[in-house]
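Per UniProt numbering, the very first residue in the sequence shown carries number 1; after that it's consecutive.
Here a beta-carbon is modelled for each residue, glycine too, at the ideal position from N, C-alpha and C.
Source: prediction; values computed, not measured.
Take a look at the structure set out below.
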Amino acid sequence: MAKTLVIVESPAKAKTIEKFLGKSHYTVKASVGHVRDLPKSKLGVDIEHNFEPQYINIRGKGDVIKELKKEAKKSKQVYLATDPDREGEAISWHLAYILGLNEEDPCRIEFNEITKDAIKKAIKNPRNIDLSIVDAQQARRVLDRLLGYQISPILWQKVRKGLSAGRVQSVTTKLICDKEKEIKAFDPKEYWTIDINAKTEKNKDITLKFYGKKNEKIELDNENMVNEILKEIEGQDINVTSIESKTRRKSAPKPFTTSMLQQEAANKLSFTTKKTMMIAQELYEGIDIDSEGTVGLISYIRTDSKRISDEAKYKAKDYILDELGEDYYKANPDKKDNKSTKKVQDAHEAIRPTLVNRTPDSIKSSLSRDQFKLYNLIWRRFVSSQMEDSVFDILNVECKINDVIFKATGSKLKFDGYTKIYNFTDREDKVLPSIKEGDLLKIDEIIPLQHFTQPPARYTEASLVKTLEELGIGRPSTYAPTIATILNREYVEKQGTSLCPTELGMIVTDILENNFQKFIDVDFTAQMENKLDDIEEGNTQWKEVVSEVYEPLKEAIEVAMESIEKINMDEETDEICENCGSNMVIKYGRFGKFMACKNYPDCKTTKPLVNKVGVKCPKCKDGDIILRKSKRGKAFYGCSNYPNCDFVAWNKPTGELCDKCGSYMVEKVTKSETKVICSNKECNKGTNKENKTDVSDGK
């Protein structure tokens, strides 16, 4: 008896779905991603004939295509069940072409989660391939190909081989470069704070902070202003003039969109965007759970929507009422952010567990450590989104000495609400001692402190994803691969969790800005995303959009080829070639930097680049500390005498010793500054490298 063939992208998904449908009536196969694409060896777009794409079967997919054709030929029906997004729709369209299916027949099925009910419902409701969605994907693919394949060769000629430009990656690199320029141009501003440590009439401690004078807030910009205030309050007690008590409510965050999941996983779990999406894909496609078998644990992972289905809400309600009680359920959660401005991803729900009763702890033994962490985050976020607000009692105290105002604020958790489930911080109540208006407080200590404003923080992966989303650059599925690309191209490097542009990244960005400004402009890139949405909604023809972009691109390329001068990236060093005596230079090769003789091609001496930091090893005292990279590309510092000396450190040694415990000092890089601290965690004596004035409370 002929079976029905269902085609998905991944073998893991195929395995899960086949279990739900049963092997007796269904065969489930995987295309393993795209099967047709533009050729890698050439442009693959016929510019002269209205930008017609020249698709070919992807090299290496011959066996997969052959098997799919064989199964399709003997099946009574073929359903294309690729992901419910643009890429998934395009894969289905290409599969239909290869298998000879009529794209106007109802051969396309989609589902938001890989569960038995969702799969069977999808099988009963097949639809036609949506050619408008396919056209939006084609427009994106052709535009990216035109920009990448026509600008990148200019970079090869003028800078070095192996470089690339792209519609989204170049704008992303520019954002990181612009932030670095902003940091370097930053002019620190002086400011002061004045704190008062006082005691109440019952001898309880309270700390008050300077606010202003005569009911006006004042910023203390210099020491003279501080000295004037100190003269006014010297030798006096402070009077409690006002006490305000109020209640503040804090609502639960919405369920995860893709970008928010990436941000929270970075902030709460220290996951990279790439790692987050890889693990989320595993949870979506299916995990073998004890007593259940293989099942998809979360809904579709590429979405801009915060919306959840009524069915999921009802199940969450039952769970909250049964496990936590009526006080914790919010009957009418705020709906103001539930609608997305983007049509495609709002067709899906937010990211949520497929079964709320499948708690993280109940399936922990079936998950890897990282799978558990991410599922726990997703599950808690979803359940908490349906829970009641947390409630705080807030106490604001205002005190005066003459006209000089000092304030203190206390807070105490009154009802934990949603934080009973979604609480990843160690928040502590700040309870003020019992005082009343008219009380006179005795001043123990007055503490004036000088500070300097700090430069803006460098982007982390989380803050970069947030910025890309706010600016409308790219889509949920592009954030992780874009960040991976600019790191792999060595346009950007990681220092701790911060993303910093390399010299190469700055040079390439300057070239693109000076010659292709329109195409790496933030507004242009965001507007292009809107045009892709218009194509998908059937309002615009995709080739018209491509033509509109290509004409100015063609002109800019012709000018750039003539105007850009070749840039020599070679960096001469003091190291001498052992064969001819000339200086060695640092070159960029296919696998990164290396050293070569300046007299090439007459002398072809090369050697690996050893990146010395100018500090002797604190362990063996003989070797040099050199910068290395782990297998995962993370920078660390080791001794040049390895393996005879096994010294390693994540932070760069400075060559100095701690005057407190004698351990070696290191540079600790944070988002906005570099601090010199002791390597001994028990000691950890820290000072700011740039400015040793107290800046711990910098704005």
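One thing to note: His-348 has its Cβ no nearer than 8 Å to the Cβ of Pro-552. According to the DSSP secondary-structure assignment, Asp-521 is paired through a beta bridge with no residue.
Contact annotation: Lys-430 and Ser-411 have beta-carbon atoms nearer than 8 Å. Within its own chain, the residues whose Cβ lies closer than 8 Å to the Cβ of Asn-680, once the five positions on either side in sequence are excluded, are Cys-658, Cys-661, Ser-663, listed in chain order. A residue is called buried once 16 or more other Cβ atoms fall within 10 Å of its Cβ, and Trp-542 is buried on that count.
By the CB criterion at 8 Å, Val-142 and Trp-192 fall outside the cutoff. Collapsing the DSSP output to three states places Phe-382 in a helix. Beyond the five residues adjoining it in sequence on each side, Ser-75 comes within less than 8 Å, by CB distance, of Ala-2, Lys-3, Thr-4, Leu-5, Thr-27 in the same chain, given in chain order.
The C-alpha of Val-676 is placed about 41 Å away from the C-alpha of Glu-565. Assignment of Thr-303 by DSSP, reduced to helix, strand and coil, places it in the coil class. Taking Lys-204 as reference, the option from Ser-434, Val-397, Tyr-284 with the minimal CA-CA separation is Ser-434.
Listed in chain order, the beta strand (DSSP E) runs fully inside the segment 560–590 are 571–576, 583–589, counting runs of at least 3 residues. Straight across, the Cα-Cα distance linking Cys-639 with Lys-629 is about 13 Å. A Cβ-Cβ contact shorter than 8 Å links Glu-529 with Gly-472. For Asp-523, the closest C-alpha among the options Gly-60, Cys-577, Asn-112, Gly-474 is that of Gly-474. If only complete runs of 4 or more residues are kept, the segment 140–198 shows the alpha helix (DSSP H) at 169–184, in order along the chain. In the structure shown, Glu-398 adopts extended strand secondary structure according to DSSP, grouped into three states.
For Ala-457, no alpha helix (DSSP H) segment is defined, and its DSSP state is neither H nor E. By alpha-carbon distance to Lys-607, the top candidate from Ile-176, Lys-69, Asn-579 is Asn-579.
The Cβ neighbour count for Asn-357, taken over all protein chains shown within 10 Å, is under 16; the residue is labelled exposed.
Residue state for Glu-232 is assigned as helix, using DSSP reduced to three classes. A residue is called buried when at least 16 other Cβ atoms come within 10 angstroms of its Cβ; Val-492 meets this threshold and is buried. With the rule of 3 Cβ pairs closer than 8 Å, the segment 402–416 does not count as touching the segment 367–382.
Straight-line spacing of the CA atoms in Pro-188 and Ala-280 works out to 42 Å. Assignment of His-25 by DSSP, reduced to helix, strand and coil, places it in the coil class.
Here Val-45 is near Pro-53, since their CB atoms are less than 8 Å apart. Between Pro-255 and Ile-154, the gap from beta carbon to beta carbon reaches 8 Å or more. In chain order, Thr-482, Thr-485, Ile-486 place their CB closer than 6 Å to the CB of Gln-169, counting only its own chain and leaving out the 5 sequence neighbours on each side.
The beta carbon of Lys-442 is closer than 8 Å to those of Ala-198, Lys-199, Asp-237 in its chain, skipping five residues each way along the sequence.
C-alpha of Leu-220 to C-alpha of Gln-450: approximately 9 Å in a straight line. Nearest in C-alpha terms to Lys-494, of all of Gln-137, Glu-461, Ala-12, Leu-367, is Glu-461. Distance from the CA atom of Gln-138 to the CA atom of Ser-31, rounded to whole angstroms, is 19 Å.
With respect to the C-alpha of Asn-215, the residue from Asp-534, Trp-156, Thr-540, Cys-399 having the closest C-alpha is Cys-399. Spatial neighbours of Thr-509 in its own chain (CB-CB distance under 7 Å, excluding positions within 5 residues in sequence) are listed in chain order as Thr-173, Lys-174, Cys-177. Note on Trp-93: 16 or more other CB atoms within 10 angstroms of its CB, so buried under the neighbour-count rule.
Apart from the 5 residues on each side of it in sequence, Leu-374 sits with its Cβ closer than 6 Å to the Cβ of Ile-279 in its chain, given in chain order.
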